[in-house]
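Q: Numbering (my numbering), first residue to last: 1 to 373. Cβ atoms here follow ideal geometry from the backbone N, Cα and C, with glycine treated the same way.
#1: Flag this pair as yes or no: are the beta carbons of residue 248 and residue 323 separated by less than 9 Å?
#2: Closest to residue 215 by C-alpha separation, out of 345, 89, 157, would be which residue?
#3: Return the bridge partner residues of residue 242 from the DSSP annotation.
#4: Unbroken alpha helix (DSSP H) runs of length 4 or more, entirely within the segment 166-216: which are they?
#5: Quick one: what's got a C-beta closer than 6 Å to residue 174's C-beta in the same chain, skipping five residues either side?
#6: Shortest alpha-carbon distance to residue 172 belongs to which of 326, 202, 306, 288?
#7: Relative to the C-alpha of residue 318, which candidate in 335, 243, 310 has its C-alpha closest?
#8: Terminal residues of the continuous beta strand (DSSP E) containing residue 287?
#9: Might you give, ordered along the chain, the residues of its own chain that have their beta carbon closer than 6 Å to the beta carbon of residue 74, omitting 5 neighbours on each side?
#10: Let's see if you can read the secondary structure: which residues bound the beta strand (DSSP E) around residue 110?
#11: Is residue 92 closer than 9 Å to residue 305 when the C-beta atoms are compared?
#12: Take every Cβ of the segment 187-194, pair it with every Cβ of the segment 290-307, and state whether three or more of those distances are shorter than 8 Å.
#13: Check whether the segment 204-218 and the segment 60-73 touch, using three or more Cβ-Cβ pairs below 8 Å as the test.
#14: Just mark residue 269 as buried or exposed, buried being the case when its beta carbon has 16 or more other beta carbons within 10 Å.
#15: What does a CB cutoff of less than 6 Å around residue 258 pick up in its chain, not counting 5 residues either side in sequence?
#16: Distance check for residue 26 and residue 263, CA to CA, integer angstroms please.
#17: Do residue 240 and residue 301 come within 9 Å of each other at the CB atom, strictly closer than that value?
What follows is the structure, given as structure tokens:
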């Protein structure tokens with residue numbers, strides 16, 4: 001019989017959570033990179049390998065991991081084992097949030113489903129702490145920073161959208177079924193018609209993309225960007241289709257410091273346009289992207305890193321019906337702040353106290369992109 005233990009170590013979680021969203025490996029600072037084995041070590045491929053012929057790079061681990069916390073310190077029994085409800089989507093079973101511990105109002109520790117975390121305690125001096133379930137180490141529950149986390153212009157932003165420093169991004173899932181060969185069905189143990197092969201276009205981790213889910217700003221990543229090719233028994237093309245989808249993800253790469261203002265307000269990648277250049281011309285925003293998409297048997301795809309165009313038209317599907325990219329107005333308002341940042345660099349600048357997008361700058365001509373004389 002296997003060892004039954006209430007103190008579940010993180011490696012048990014990571015055994016499963018190292019593909020798809022990869023939240024387990026991301027939490028400990030492990031990023032699955034390209035399959036080249038670079039950077040090379042002593043004239044050969046890197047020794048930093050994951051199961052399945054995968055290589056990884058070391059990136060900043062989640063601050064909760066850095067402080068010695070484990071998965072079960074946050075995630076509850078009912079989230080992991082179920083609460084008796086048949087949910088349509090797994091995220092509906094989640095009951096924890098950042099605000100559960102990091103709050104400026106009331107006592108911490110009550111979940112979205114009105115349950116109490118049993119490892120949050122109040123100290124004799126009145127402070128609340130979270131006790132690690134593996135080592136009983138006490139962790140202070142620091143409140144959000146006033147004037148920044150509650151800044152009026154960022155009311156819709158989820159904590160992860162600002163405090164996630166990186167996110168795994170797998171672009172272009174190329175799948176091919178070749179009917180000239182067979183593949184082992186590991187459920188039945190029998191060979192079945194059709195050999196499946198999978199590949200990808202490229203991997204990235206930088207500049208987590210943002211979108212809107214239920215009127216909240218969240219981080220998104222390619223959910224699955226399917227580029228599928230079918231080959232018949234004669235080796236001829238038998239069909240193909242493309243289906244590109246973006247999905248919301250809490251990447252589990254939280255850092256104490258939030259992203260800089262420029263990371264969002266001057267980054268076309270972050271706002272969903274993709275890598276490229278945005279500029280204003282005759283009062284209208286323009287965009288030129290780097291990724292031009294793929295030419296496939298089923299026709300051209302949109303840019304793999306482009307969720308939306310500069311006119312606010314979605315370029316890819318969304319994994320949930322209430323998830324969407326920024327619309328045209330939102331894009332314009334976000335990028336407009338980027339024009340202010342060269343002079344007004346952070347929250348403390350007085351222009352942001354009563355900032356409105358309609359207020360014209362007395363120094364910078366937004367239409368021509370030049371300083372007024």
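A: Quick look at the numbers:
#1: yes
#2: 157
#3: 227
#4: none
#5: Taken in chain order, the residues that qualify are 199, 227.
#6: 202
#7: 243
#8: 284-289
#9: 96
#10: Where residue 110 is concerned, there is no enclosing beta strand (DSSP E), given that its DSSP letter is neither H nor E.
#11: Cβ atoms of residue 305 and residue 92: not closer than 9 Å.
#12: no
#13: no
#14: By the 10 Å Cβ count, residue 269 comes out buried.
#15: 162, 163
#16: 20 Å
#17: no
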